[in-house]
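Numbering (my numbering), first residue to last: 101 to 499.
Every residue, glycine too, gets a C-beta built ideally from N, C-alpha and C.
The model shown is predicted, which means the values in this text are computed figures rather than measured ones.
To keep things clear, I will list the structure first and then write my remarks on it.
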Ligand code: CTP
């Protein structure tokens, strides 16, 4: 939502990675941004101006003197801009920007902007590591601009090392972080997500349908808002959110151990995970074989430890503890009981079973219930949005 109706300037300089700017532009447009592309003369040698004009639905700015009626266009654009990203940024442009030189449409516009700026250097490794380039990047960073470190890998010049422009989704993600208010700065957030997996034997297990989407959305939102995030997750098919420390576990016991290990340093603990309530008492070390003449198998199960309850017993007054409750009936009554039983500050309760909320869906609809008995409904929306509203409520209650 952060890019909705925002004016973004996409600066493109003359590097081979200029083709990646096409995809970055598409991502920004898809997210609702109004994008104006500014190209240097050399950038136009790599990708044609028409591609950017068609995709951005705006004229590309590259010649300050092309149309005298719009000779102050760069100033209009600079004043209107909510963010600037320069991807790729060559050593030459970086040097000009650091020195305050204004000799083309891009460098001139950049002298007039006051909004957040992200510079994505991309060049040969030796050039990138050159003391002058590093010094120039330091200058820009000290001036308050965001420098996105290049990736390492095989470069166009056939050498291997740092200098590759990061993938467009990554640049997009970091721009999103750059524009997000850092109201969780200085806070450590510990989150559990996904299912737990309880072994029956080396090849079989008991688990549940949790996709991890809600917990990962909370981790992603918290990181973007400036928190230091640790995510303890059961097996899920999701990428770790950028900037989040992920600890992978399988069983309830492993999740408990990791949560307790990191509990002391956490300011906010959010237990989104769907922990198995029971596990086989005696997991076998070799595969259970079928027995002739037996068409039934009985598994003896024992209750797992309730991690949330354990944390509730150990938490200090300063720590804010949030649980999730999956219910199929009596949502409010059951959730309120869990607040008391597990010493929670807040619980996010949802009815499982509906197609558009719960485990596998990308959307969710939850009721937040607080320790003092008050509550707030979050209507059906994307899990990322639910995550942000959840964090808003946590911050509000912690004040
Ligand atoms: N939870 C936990 N450890 C368990 C079981 C649950 O930490 N062994 C946590 C979950 O991560 C969630 C909250 O407790 O934050 C509520 O989980 P839920 O399954 O809704 O409730 P239970 O306490 O397991 O009770 P019931 O299954 O009877 O509803």
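Looking only at DSSP bridge pairs, what is residue i linked to?
{"i": "residue 427", "result": "451"}
{"i": "residue 161", "result": "138"}
{"i": "residue 218", "result": "185, 246"}
{"i": "residue 459", "result": "Answer is none; residue 459 lacks a bridge partner."}
{"i": "residue 378", "result": "403"}
{"i": "residue 371", "result": "292, 423"}
{"i": "residue 271", "result": "BP columns for residue 271 are empty, so no partner."}
{"i": "residue 467", "result": "449, 477"}
{"i": "residue 500", "result": "The structure shown has nothing for residue 500, since the chain only spans 101 to 499."}
{"i": "residue 354", "result": "For residue 354, which the question treats as bridged, DSSP gives no partner whatsoever."}
{"i": "residue 298", "result": "306"}
{"i": "residue 262", "result": "252"}
When you compare only the Cα positions, how much space is there between residue i and residue j?
{"i": "residue 225", "j": "residue 259", "result": "8 angstroms"}
{"i": "residue 209", "j": "residue 340", "result": "36 angstroms"}
{"i": "residue 508", "j": "residue 215", "result": "Because the chain spans 101 through 499 in this model, residue 508 falls outside it and cannot be assessed."}
{"i": "residue 329", "j": "residue 344", "result": "5 angstroms"}
{"i": "residue 491", "j": "residue 318", "result": "8 angstroms"}
{"i": "residue 348", "j": "residue 354", "result": "9 angstroms"}
{"i": "residue 419", "j": "residue 139", "result": "49 angstroms"}
{"i": "residue 467", "j": "residue 192", "result": "54 angstroms"}
{"i": "residue 460", "j": "residue 481", "result": "14 angstroms"}
{"i": "residue 394", "j": "residue 454", "result": "38 angstroms"}
{"i": "residue 435", "j": "residue 335", "result": "26 angstroms"}
{"i": "residue 398", "j": "residue 304", "result": "14 angstroms"}
{"i": "residue 314", "j": "residue 306", "result": "21 angstroms"}
{"i": "residue 149", "j": "residue 218", "result": "22 angstroms"}
{"i": "residue 261", "j": "residue 295", "result": "38 angstroms"}
{"i": "residue 493", "j": "residue 321", "result": "13 angstroms"}
{"i": "residue 120", "j": "residue 243", "result": "26 angstroms"}
{"i": "residue 112", "j": "residue 102", "result": "22 angstroms"}
{"i": "residue 282", "j": "residue 401", "result": "45 angstroms"}
{"i": "residue 357", "j": "residue 452", "result": "28 angstroms"}
{"i": "residue 378", "j": "residue 280", "result": "40 angstroms"}
{"i": "residue 115", "j": "residue 293", "result": "41 angstroms"}
{"i": "residue 143", "j": "residue 175", "result": "21 angstroms"}
{"i": "residue 158", "j": "residue 213", "result": "19 angstroms"}
{"i": "residue 309", "j": "residue 333", "result": "14 angstroms"}
{"i": "residue 497", "j": "residue 265", "result": "41 angstroms"}
{"i": "residue 311", "j": "residue 396", "result": "30 angstroms"}
So, at 7 angstroms on beta carbons, what are the nonlocal neighbours of residue i in its own chain, with the 5 sequence-adjacent residues on each side left out?
{"i": "residue 198", "result": "236, 239, 240"}
{"i": "residue 81", "result": "No statement about residue 81 is possible, as the shown extent of the chain runs from 101 to 499 and does not include it."}
{"i": "residue 423", "result": "371, 408, 438, 442, 444, 447"}
{"i": "residue 483", "result": "313, 314, 317, 462, 463, 464"}
{"i": "residue 375", "result": "296, 352, 355, 404, 407"}
For residue i, count neighbouring C-beta atoms within 10 Å of its own C-beta (all shown protein chains included) and say buried if the count is 16 or more, exposed if not.
{"i": "residue 204", "result": "buried"}
{"i": "residue 153", "result": "exposed"}
{"i": "residue 232", "result": "exposed"}
{"i": "residue 228", "result": "buried"}
{"i": "residue 337", "result": "exposed"}
{"i": "residue 464", "result": "buried"}
{"i": "residue 252", "result": "exposed"}
{"i": "residue 514", "result": "For the chain, the structure presents residues 101 to 499; residue 514 sits outside this window and is missing."}
{"i": "residue 188", "result": "buried"}
{"i": "residue 416", "result": "exposed"}
{"i": "residue 414", "result": "exposed"}
{"i": "residue 499", "result": "exposed"}
{"i": "residue 479", "result": "exposed"}
{"i": "residue 324", "result": "buried"}
{"i": "residue 269", "result": "exposed"}
{"i": "residue 365", "result": "exposed"}
{"i": "residue 486", "result": "buried"}
{"i": "residue 271", "result": "buried"}
{"i": "residue 381", "result": "exposed"}
{"i": "residue 200", "result": "exposed"}
{"i": "residue 428", "result": "exposed"}
{"i": "residue 172", "result": "exposed"}
{"i": "residue 109", "result": "buried"}
Using a Cβ-Cβ cutoff of less than 6 angstroms, which residues in the same chain neighbour residue i once the five nearest sequence positions on both sides are dropped?
{"i": "residue 327", "result": "284, 287, 289"}
{"i": "residue 263", "result": "223, 224, 225, 228, 250, 255"}
{"i": "residue 195", "result": "236"}
{"i": "residue 146", "result": "118"}
{"i": "residue 388", "result": "301"}
{"i": "residue 161", "result": "138, 205"}
{"i": "residue 367", "result": "287, 288"}
{"i": "residue 291", "result": "315, 318, 319, 331, 370"}
{"i": "residue 351", "result": "296, 298"}
{"i": "residue 107", "result": "134, 180, 181, 182"}
Note down, in chain order, each residue of its chain lying with its Cβ closer than 8 angstroms to the Cβ of residue i, except the 5 sequence neighbours on either side.
{"i": "residue 385", "result": "301, 302"}
{"i": "residue 105", "result": "132, 133, 134"}
{"i": "residue 475", "result": "432, 467, 468, 469"}
{"i": "residue 273", "result": "342"}
{"i": "residue 163", "result": "205"}
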